[in-house]
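One structure is given here, and the rest of the page talks about it.
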Amino acid sequence: VESALMFQVPELPVFVITKSASVAALQERLRDRRWVQVIDTGERLSMTGGLRQLRERGIQAVSAVGGRRTATSMLLEGVVDDLYLTTSAINGGEPHTPYYEGPPLPLDLVVAKAALGPEAGVRFEHFVLRR
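The numbering used here numbers the first residue of the sequence shown as 250 and each following residue consecutively.
Take a look at the structure:
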């Protein structure tokens, strides 16, 4: 919150979906950033509930930023249509950490690109989830 770019740009509306136990602390940390809204999904984190609240605010498409816990929550709740994975040659975190922890996903690969030259090692993949 203190350093991520999306929390520093007032022209970029940001919504943080969280459970009730985290709301007060987040709102305190964000008190000077009125463009960031905290969405309370109740005692349990519910991506379905959070996305429902976004739709009520007129938002119809979402680009979710997060790690494997965010991805796993959204995929297990069935609220994802497309999955975009970008990996880098730069080491970060633990090697071979999965982006998702759950039952196998019915994915169809739409496009895969591997960078060359100075960006060698960067890979982009777009998947569509079969329903």
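By construction, the Cβ of each residue, glycine as well, lies at the ideal position given by its N, Cα and C atoms. Only a predicted model underlies this, so the values are computations on that prediction, with no experimental measurement involved.
Whether residue i touches residue j by CB criterion (9 Å)
| i | j | result |
| --- | --- | --- |
| P347 | R317 | yes |
| S337 | V314 | no |
| L303 | F264 | yes |
| L332 | L378 | yes |
| R301 | K268 | no |
| P344 | R380 | no |
Per-residue DSSP class, three states only, for residue i
| i | result |
| --- | --- |
| V272 | helix |
| E277 | helix |
| A310 | coil |
| E350 | coil |
| A363 | strand |
| E374 | strand |
| T335 | strand |
| L254 | helix |
| T290 | coil |
| G316 | coil |
Per DSSP, cross-strand counterpart(s) of residue i
| i | result |
| --- | --- |
| V263 | V285 |
| L358 | F376 |
Beta-carbon contacts of residue i that lie in its chain and below 7 Å, excluding the five residues immediately before and after
| i | result |
| --- | --- |
| R278 | V250 |
| G298 | T290 and G291 |
| M296 | I266, S322, M323, E326 and V328 |
| R282 | F256 |
Cβ-based neighbour list, residue i, same chain, cut-off 6 Å, excluding 5 preceding and 5 following
| i | result |
| --- | --- |
| A361 | E374 |
Cut-off 8 Å between Cβ atoms - residues of its own chain near residue i, not counting five sequence neighbours on either side
| i | result |
| --- | --- |
| Q276 | V287 |
Q) For the segment 254 to 262 against the segment 289 to 305, are there 3 or more C-beta pairs whose distance is under 8 Å? A) no
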